[in-house]
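S.K.: What follows is a single structure, and I will ask about it in a moment.
There are 2 protein chains.
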Amino acid sequence: MLPVAVDAVGGDKAPGEIVAGARRAVDDLGVPVLLVGPPDRIGDPLGLEVLACTEVIEMHDEPGSSVRRKKDSSLVRAAEAVRDGRASAMVSAGNTGATMASALLRMGRIKGVARPAIAIPIPVPGTTPTILLDAGANAEVQPEWLVQFAQMGATFFTTLYGGDAPRVGLLSIGEEDVKGRAQEKETNALLRDTKNVNFIGNVEGRDLMTPDVDVVVTDGFTGNVVLKTMEGEMRFVQKALIERIPSELFELLWPHLEPLVLELDPETYGGAMLLGVDGVCIISHGSSSARAITNACRVARDMVDGDLVGHLREAVAAS
Amino acid sequence: MLPVAVDAVGGDKAPGEIVAGARRAVDDLGVPVLLVGPPDRIGDPLGLEVLACTEVIEMHDEPGSSVRRKKDSSLVRAAEAVRDGRASAMVSAGNTGATMASALLRMGRIKGVARPAIAIPIPVPGTTPTILLDAGANAEVQPEWLVQFAQMGATFFTTLYGGDAPRVGLLSIGEEDVKGRAQEKETNALLRDTKNVNFIGNVEGRDLMTPDVDVVVTDGFTGNVVLKTMEGEMRFVQKALIERIPSELFELLWPHLEPLVLELDPETYGGAMLLGVDGVCIISHGSSSARAITNACRVARDMVDGDLVGHLREAVAAS
């Protein structure tokens, strides 16, 4: 397969952890990788091929203008590598907004997609994760876009985990069809009439970490707030457990807790997927370590092998 | 003081736990209580005074129409008792929508309040809770309402915990003033100009369980989704710990975990407060046990003693 283009200079732990993770993807998984970035910023590429460029979009740069201005940046070059058939997918832990903008401007949208959305797997130990989308690409949406998010989310779930009719729920504030804002009421009605989505109705925030739903659809504002609320609560719980449990007891406990902590670790899934652009684009968390990057390369490989983009095109065209 | 009117027949555990909790409020806290409900549904009132009525708004009844139709229901009568100076406050674990509607229709709004909002304390062990509002009264809002929610939430915080300038944050998807939907951008600008609110800017979901903010303002859709997400995640974590940790180890652990579990228990705070109606109205969780009802009576007493409604009136009039 064509290599996965990895933005070597994006993320809080770039380039060290990013390059190390990319190297492991090659060594442990056999996924070919192309590092993208200015050679002097990358440092030692650990023997990996480098697509050299001269600029970097920093974490604090304004996404839209920096993508237009920094044409020779790692993000723009990574997206172009996918567009030009030099790479099969791109992975970045850098500036999220600029990653989206680069992918959107350089790869373009899949025909018929109104707006790309960010899909993120929420770990549910013991079963497959719940896919939440939109996790932040579109703060404000229209009901028709949410229907496409449902189609794209279901397609992503199937490409990741198989099965043929993942259960799709609409995030609202009550299970009845009439609950929620005008946005939810209209979307609920549209989804009831959407043939290629197995719509199970409205779901609530408490359903996210249960095995009762596979894909949860909402606008990017609500999705992002939910995601960060969950992150914050999990961080709080972990901190509280460490503070309150005496260390000798904690040592006895750890062998039982460690598998759970690993299953709950978002790094297990490598990051979020930008669905709706004409190529595979993985947006890893800014704090990604080598493990997250290796897993992102694995997911990228699986999405390329599983023809995610082709299936998304069909799903959106079917309605 | 005038008694707290407790809806004896509302909630999953009514009347048993409700009456028991009310009795404890009298015995342990010296808070006078008036039970409201049909005597045959209440059963043994444990020696408490009963305001008898003939109807009950059930959990599944449609809020608006049931309040209009069931004029002799416990919820309507409890709200009238506050309006008519027979009770100082009302507490119900029954139908949330009907509790709001009864309070709104019978007590009326505080002059100048556009819309009442539900404020709920989110436990933050080691410090005061974070007050989140609106937790579900208004799925769709206007920026001006959110400004009033900020004023009311700050007043509620001060009446509960003292201090004079609680830190108020606007829930959004980034800390910068320009982040969020049109709703957040407009509200952010209005709050920057609101003199009686100590506005610290936008906050994110991950700040809710930290000591960094005292009051978090959002619309009732987002607030309700956030609340239920947190509930679901906490339930998930508790279940996972119980399942994964061998019982003999769990017994050693429990003395260290129990104080944390109690601090995190929403029953510690007795329920949510409906802010903006002309009286004290506490909406307890449908699953409330006696402990929650006792605590709700305590909070009701504190809010009456602290003249919450008078302070809310001043806060809203000041702008």
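Protein chains in written order, with the numbering used here: chain A, 2 to 320; chain L, 2 to 320.
Glycine is no exception: its CB is placed at the ideal position from the N, C-alpha and C atoms.
The structure presented is a predicted model; accordingly, all values stated were derived computationally and were not measured.
Among 242/A, 165/A, 245/A, 257/A, which one has its Cα closest to the Cα of residue 249/L?
M.R.: 257/A
S.K.: At 3 residues or longer, what runs of the beta strand (DSSP E) sit wholly inside the stretch 8-96 of chain L?
M.R.: 34-38, 50-53, 90-93
S.K.: Along the chain, where does the alpha helix (DSSP H) that runs through residue 314/A open and close?
M.R.: First-last of the alpha helix (DSSP H) with residue 314/A: 309-318.
S.K.: So residue 247/A contacts chain L; which residues on that side make the cut at Cβ distance below 8 Å?
M.R.: 257
S.K.: Show which residues of chain L have a CB atom less than 8 Å away from the CB atom of residue 208/A.
M.R.: 233
S.K.: Do you know how far the Cα of residue 252/A is from the Cα of residue 167/A?
M.R.: Approximately 40 Å, taken between the alpha carbons.
S.K.: In chain order, what residues of the same chain lie with their CB nearer than 8 Å to the CB of residue 159/L, ignoring the 5 residues before and after it?
M.R.: 165, 167, 312
S.K.: If contact means a Cβ-Cβ distance below 7 Å, which residues of the stretch 109-136 of chain L contact chain A?
M.R.: 126
S.K.: Which residues does DSSP list as the beta-bridge partners of residue 282/L?
M.R.: 91/L
S.K.: Answer yes or no: do residue 282/L and residue 32/L have a C-beta to C-beta separation smaller than 8 Å?
M.R.: no
S.K.: Which residue comes first and which comes last in the alpha helix (DSSP H) that contains residue 256/L?
M.R.: In the DSSP assignment, residue 256/L falls within the unbroken alpha helix (DSSP H) covering 248-265.
S.K.: Can you pull out the residues from the stretch 138-158 of chain A whose beta carbon lies closer than 7 Å to at least one beta carbon of chain B?
M.R.: Among the protein chains of the structure shown, namely A and L, there is no chain B.
S.K.: Just the chain L side, please: which residues come within less than 7 Å of residue 170/A by C-beta, in chain order?
M.R.: Residues of chain L passing the Cβ test: none, with the nearest at roughly 12 Å.
S.K.: Cutting at 8 Å between CB atoms, please list the residues of its own chain near residue 193/A, excluding the five before and the five after it.
M.R.: Around residue 193/A: 178, 200.
S.K.: Would you say residue 227/A faces chain L, with C-beta separation under 8 Å as the test?
M.R.: yes
S.K.: For residue 82/L, which residues in the same chain have their Cβ closer than 8 Å to its Cβ, ignoring the five residues on either side in sequence?
M.R.: 6, 35, 37, 52, 88, 91
S.K.: With a cut-off of 8 Å on the beta carbons, I'd call residue 206/A and residue 229/L a contact; round off their distance for me.
M.R.: 4 Å
S.K.: Which residue marks the beginning of the beta strand (DSSP E) containing residue 159/A, and which one marks its end?
M.R.: Careful: residue 159/A lies outside any beta strand (DSSP E), inside the alpha helix (DSSP H) at 144-162.
S.K.: Would you say the stretch 222-240 of chain L touches the stretch 121-138 of chain L, given that touching needs at least three Cβ pairs under 8 Å?
M.R.: Here the stretch 222-240 of chain L makes contact with the stretch 121-138 of chain L; the two share three or more CB pairs at distances below 8 Å.
S.K.: DSSP state of residue 216/A, grouped into three classes?
M.R.: strand
S.K.: Just to confirm, are residue 125/L and residue 210/L a CB contact at a threshold of 8 Å?
M.R.: yes
S.K.: Report the rounded CA-to-CA distance for residue 284/L versus residue 274/L, giving the unit in angstroms.
M.R.: A direct Cα-Cα distance of roughly 6 Å separates residue 284/L from residue 274/L.
S.K.: Could you check the C-alpha separation between residue 222/L and residue 185/L for me, to the nearest Å?
M.R.: 14 Å
S.K.: DSSP three-state label for residue 274/A, please.
M.R.: The answer is strand: DSSP assigns residue 274/A an E or B state.
S.K.: Could you tell me if residue 40/L is buried or exposed, where buried requires 16 or more neighbouring beta carbons within 10 angstroms of its beta carbon?
M.R.: exposed
S.K.: Whose C-beta lies closer than 8 Å to the C-beta of residue 9/A among residues of the same chain, with five residues either side of it excluded?
M.R.: 15, 16, 19, 20, 23, 36, 37, 38, 42, 43, 46, 51, 75
S.K.: What is the C-beta distance between residue 99/A and residue 174/L, in whole angstroms, given that I count them as a contact (C-beta under 8 Å)?
M.R.: With 8 Å as the limit, residue 99/A and residue 174/L do not qualify as a contact, their Cβ atoms being about 16 Å apart.
S.K.: Residues of the stretch 89-111 of chain A in Cβ contact with chain L at a cutoff of 8 Å, in chain order, please.
M.R.: For the stretch 89-111 of chain A, which is checked against every Cβ of chain L, not one residue is closer than 8 Å.
S.K.: For residue 293/A, count neighbouring C-beta atoms within 10 Å of its own C-beta (all shown protein chains included) and say buried if the count is 16 or more, exposed if not.
M.R.: buried
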